[in-house]
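Data first, discussion second: the structure below is written as structure tokens.
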Amino acid sequence: MNETHQVHEFEPEYEKDSKILILGSFPSVRSREVKFYYGHPKNRFWKLLAALYDDHKPQTIEEKKMFLKAHKIALWDVIESCDIIGSSDSSIRNVVPNDIAGVLVQTNIKKIYANGKTAEKLYKKYIEPVTRQEITGLPSTSPANAACSFERLMEVWKQILTVE
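My numbering numbers the first residue of the sequence shown as 389 and each following residue consecutively.
Rendered as structure tokens:
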């Protein structure tokens, strides 16, 4: 598979009263196809959030947007554009970061979380020097992180429930 230059093609999801921001690195091939976050059927993101919030797992994009709004979760990715091979985070080069600071000033975000090590590392490199807001890294919900069980994801991710 060849490296291609990709541009993030869908908007951040947030409301003025969003209190947590969850950042991924860059959308997977499947997410780019469906034009929404965590679109790969094997990604555990939506199943995990539904379990944490004791809510039904949203299926459609509209249900996912309503779920995020109901639980005051903002969602975006660190990268606006990059060179990437398929969905491989390890292949990411020539990063142009998203304007995370622009979202932070329009919301009541109290805490920022990274879905995976790549998002955390890229945030610390490109965004934190601008926003001066720390990020908390969480294990990736990606199917590529199969070594991390669903139970382990639940255990670590439950901290998002404590943000007031």
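Every residue gets a Cβ at the ideal spot worked out from N, C-alpha and C, and that includes glycine.
Residue nearest to PRO415 in terms of C-alpha spacing, selected from ASP442, VAL518, ILE473: ILE473
Alpha carbon of ASP465 to alpha carbon of MET454, nearest angstrom: 19 angstroms
Cβ distance (whole Å) where SER406 is taken to contact LYS460 below 8 angstroms: 5 angstroms
First through last residue of the beta strand (DSSP E) which encompasses LEU383: The first residue shown for the chain is 389 and the last is 552, placing residue 383 beyond what the model contains.
Counterpart residues of ASN503 in DSSP-defined beta bridges: LEU526
Spatial distance of VAL491 from GLU399 (CA atoms): 11 angstroms
Boundaries of the alpha helix (DSSP H) in which ILE449 is found, first to last residue: 449-458
The beta strand (DSSP E) enclosing THR392, as first and last residue numbers: 391-395
Limits of the beta strand (DSSP E) - the one that LEU463 falls within: 461-465
Same chain only: Cβ atoms within 8 angstroms of PHE433, ignoring 5 sequence neighbours per side: TYR425, TYR426, ASN503, THR529
Simplified DSSP assignment, three categories, for ILE473: strand
Run of the alpha helix (DSSP H) containing VAL491, from where it starts to where it stops: 488-492
Residue span of the beta strand (DSSP E) that contains PRO485, given as start and end: 481-485
Start-to-end residues for the alpha helix (DSSP H) that takes in LEU440: 433-440
Beta-carbon proximity list for GLU468, same chain, < 8 angstroms, skipping 5 on both sides: VAL395, HIS396, VAL484, PRO485, ASN486, ASP487
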